[in-house]
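2 is the number of the first residue of the sequence shown in the working numbering; add one for each residue after it. Worksheet: the structure to be examined is printed underneath.
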Amino acid sequence: VCILLVSGVMLYRTFAIFEVRTSQNVIKGTVQDPGNIYFAFYVNDGQEDKIQKEMPNKNYVLDETKSYCGVNGERDEKIKVTLTDEYGIYVTGVTTSRTKCNLYFVSGAFILGKPIKAITSGEGLYEVTHEDVSETTNDTGFKETEFRYAGKDPNNYVTFNDEKWRIIGLVNVMTSEDKVEQRVKIIRKDNFNVVWDTNIKSDWSNASSMKYLNNEYYYGTSDIAIKNDVSRNMIDTVVWNLGGISEDFLLETTAMFYKDERGTKVYEGRKATWQGNVGLMYPSDYGYATMGGNLERNICLEKELFNWNIENEYADCVTYNWLWTKNYDLTITSTNFNDNGVFTTNPTGYVNRDFNTGGSLINLVALYLKSNVKIVNDQSDGSQENPYKLVQI
C-alpha cells in the first residue's frame, strides 16, 4: 500500500507540475478528448534544453522536429502540435486522456506568420540584441531583441508589388499609434536612380526623394511605383528615426550607428523623426546583414563600418552581405554636423558620408509591412527562385 501510495504521488506530481488546463488561452483549436493534456516546456539557452513551467516569451519558436505528444513518454504520430504567431498552442489528434506534450523551444521569430529558427552561423535569420534606445518612451534599461537576415544570399525573398523584394528582418519600430511594435521590414531587390534632394540638403523630412517616394511612387503615378491597392494596403505607416551621425562616424560600429540613428542629435532645425510609408535603408540595416564569411560575424559587427572593404582583411564582412550591391547606395541617415551630408554604402563595401550634390545615387527602397500581412502557406521557401508569397488577412 505504501509503495502504491508513494508511486501515485510521484506520478501525479510528474504530470501536475506541467499541467495547463484546456480552458486557458495557451491552447487554441479543438481537443477531441475532454481529458487533461499536460505540457512540459523545454527552452534551449544556446547550449542545452532547460525545463521550465511556463511557455517562453515571443523570441522563441517551436522546434517541431523534437516536440511530440503521447502517453507514457511515447510519441503519438497522430497528435499534431503547432505554435501560432499569436503564441497559442494548437493541438489536434488527441484521443487519450493524460496525454503529455514535450515542447522544445529555440530562439527564433514569426516572420510574416511563418516560424523561422534563429541561427548562430551560416546564412539565415540571426537574433540581434540592443540596449534600450530612444524609440522607447522611457529609459527602462531593458534590452530589445530584433531578428535580421544575414549572409551572401539567404532565403529572404518575397513577391511584393509583382516584384522581388527581400526581408531585412523583424524590426522594432514606432507605429502611428505611438507604440513600439515589431514589424517586418522589406527592401526592393532592384534599385533605381533618384536624387536624394534637389535642394542639396540632407533633411529627409523635406527631401525631394521623400516626397517622390511617398507621393508619385506610393500612389502609383510614376513608371516605377506601387502598382495597386492590394500592395499599397500592405504598407504600414510608421515613425522613421532620423537621428544624425557625428563627425566621429569613422569610429562607429553597426550597433553604434543603430543607436545614433534612433537618437535625437540632428543638425540645427531638423526633425529627429518622420512619419511616412516609404523610405530607404539605414546604415545599421546594411551592417546587420553580414554573416562574416570566414570571419566570425561578431568580428565584423565589432569593426567600424568605415573599415569594411573588399580590399582589406575585412573583405568577408562585405562579400558575405546580401545588402552589398557593388554600387553607391543611399541610406536615409544624415550627419548632424553639416547640412548636406548623407551616408552611403560604397562599391568596395564601406559606409561613408557623402555630400549631397543633387546628383543621383542608387536607391534601395525600404518599407514596413502591416502586422496582418502573412506568408501564404504553400511550398515556397524564400529562395530567389521560389520567393514567399504574401497575403493580407
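Idealized CB from N, CA, C, for every residue including glycine. Just so it is clear, the structure is predicted and the values come from calculations on it, not from any experiment.
Checking contacts by CB at 9 Å: is residue i closer than that to chain C?
{"i": "glutamate 164", "result": "Although the question refers to chain C, the structure presented lacks it and comprises just one protein chain."}
Identify every residue that forms a DSSP beta bridge with residue i.
{"i": "tyrosine 287", "result": "Bridge partners of tyrosine 287: none, in fact."}
{"i": "tryptophan 325", "result": "DSSP output for tryptophan 325 lists no bridge partner at all."}
{"i": "tyrosine 369", "result": "Lys186"}
{"i": "tryptophan 166", "result": "Val159, Arg189"}
{"i": "lysine 375", "result": "Val392"}
{"i": "aspartate 355", "result": "Val343"}
{"i": "methionine 406", "result": "Since the displayed the chain opens at 2 and closes at 394, residue 406 lies outside it and no answer follows."}
{"i": "alanine 151", "result": "Gly125"}
Taking C-beta to C-beta, are residue i and residue j nearer than 9 Å?
{"i": "tyrosine 219", "j": "threonine 255", "result": "no"}
{"i": "serine 203", "j": "asparagine 353", "result": "no"}
{"i": "serine 381", "j": "lysine 390", "result": "yes"}
{"i": "threonine 345", "j": "valine 319", "result": "no"}
{"i": "lysine 54", "j": "phenylalanine 42", "result": "yes"}
{"i": "threonine 335", "j": "isoleucine 227", "result": "In the sequence on display, residue 335 carries serine and not threonine. No. Outside cutoff."}
{"i": "tyrosine 351", "j": "leucine 324", "result": "no"}
{"i": "methionine 292", "j": "glycine 152", "result": "yes"}
{"i": "valine 92", "j": "lysine 81", "result": "yes"}
{"i": "tyrosine 88", "j": "aspartate 77", "result": "no"}
{"i": "asparagine 45", "j": "valine 95", "result": "no"}
{"i": "tyrosine 105", "j": "lysine 67", "result": "yes"}
{"i": "threonine 274", "j": "leucine 243", "result": "yes"}
{"i": "arginine 83", "j": "isoleucine 90", "result": "In the sequence on display, residue 83 carries threonine and not arginine. It is a contact, given that the beta carbons lie within the stated cut-off."}
{"i": "glycine 432", "j": "aspartate 198", "result": "With the chain covering only 2 through 394, there is no way to say anything about residue 432."}
{"i": "glycine 109", "j": "valine 62", "result": "yes"}
{"i": "glutamate 164", "j": "lysine 180", "result": "no"}
{"i": "phenylalanine 258", "j": "serine 285", "result": "yes"}
{"i": "arginine 298", "j": "serine 122", "result": "yes"}
{"i": "lysine 371", "j": "valine 392", "result": "no"}
Put residue i into one of helix, strand or coil per three-state DSSP.
{"i": "tyrosine 213", "result": "helix"}
{"i": "arginine 99", "result": "coil"}
{"i": "tryptophan 396", "result": "In the structure displayed, the chain extends from 2 to 394; residue 396 sits before or after that span and is not available."}
{"i": "isoleucine 300", "result": "helix"}
{"i": "asparagine 251", "result": "It should be pointed out that residue 251 corresponds to leucine in this sequence rather than to asparagine. Looking at leucine 251 - three-state DSSP - the assignment turns out to be helix."}
{"i": "tryptophan 205", "result": "helix"}
{"i": "glutamate 386", "result": "coil"}
{"i": "alanine 256", "result": "helix"}
{"i": "aspartate 330", "result": "strand"}
{"i": "tyrosine 220", "result": "helix"}
{"i": "glutamate 145", "result": "strand"}
{"i": "glutamine 380", "result": "coil"}
{"i": "alanine 316", "result": "helix"}
{"i": "glutamate 262", "result": "helix"}
{"i": "serine 361", "result": "strand"}
{"i": "valine 196", "result": "strand"}
{"i": "valine 231", "result": "helix"}
{"i": "glutamate 132", "result": "strand"}
{"i": "aspartate 140", "result": "Note that aspartate 140 scores 45 on pLDDT, short of 50, meaning its location in the model is unreliable; the coordinates nonetheless yield the value given after this. Aspartate 140: coil per DSSP, three-state reduction."}
{"i": "alanine 226", "result": "coil"}
{"i": "tyrosine 1", "result": "The question about residue 1 has no answer, for the chain in this structure spans 2 to 394."}
{"i": "threonine 274", "result": "strand"}
{"i": "valine 279", "result": "strand"}
{"i": "threonine 336", "result": "strand"}
{"i": "threonine 31", "result": "Per-residue confidence for threonine 31 stands at a pLDDT of 40, beneath the threshold of 50, marking its modelled position as unreliable; the derived number appears in the next sentence. Correct three-state label for threonine 31: coil."}
{"i": "arginine 22", "result": "Because the pLDDT at arginine 22 is just 39, under 50, the model does not fix this residue reliably, and the point stays unresolved."}
Three CB pairs or more closer than 8 Å across the segment 276-286 and the segment 199-216 | yes
Would you say the segment 264-273 touches the segment 225-239, given that touching needs at least three Cβ pairs under 8 Å?
-> no
What runs of the beta strand (DSSP E), each 3 residues or longer, lie entirely inside the segment 45-128?
-> 50-53, 61-63, 69-71, 81-84, 90-93, 100-112, 115-118
Sufficient close CB pairs (3 or more, under 8 Å) joining the segment 363-370 to the segment 320-332 = yes
Give a yes or no on contact between the segment 153-171 and the segment 119-132, applying the rule of three or more CB pairs nearer than 8 Å.
-> yes
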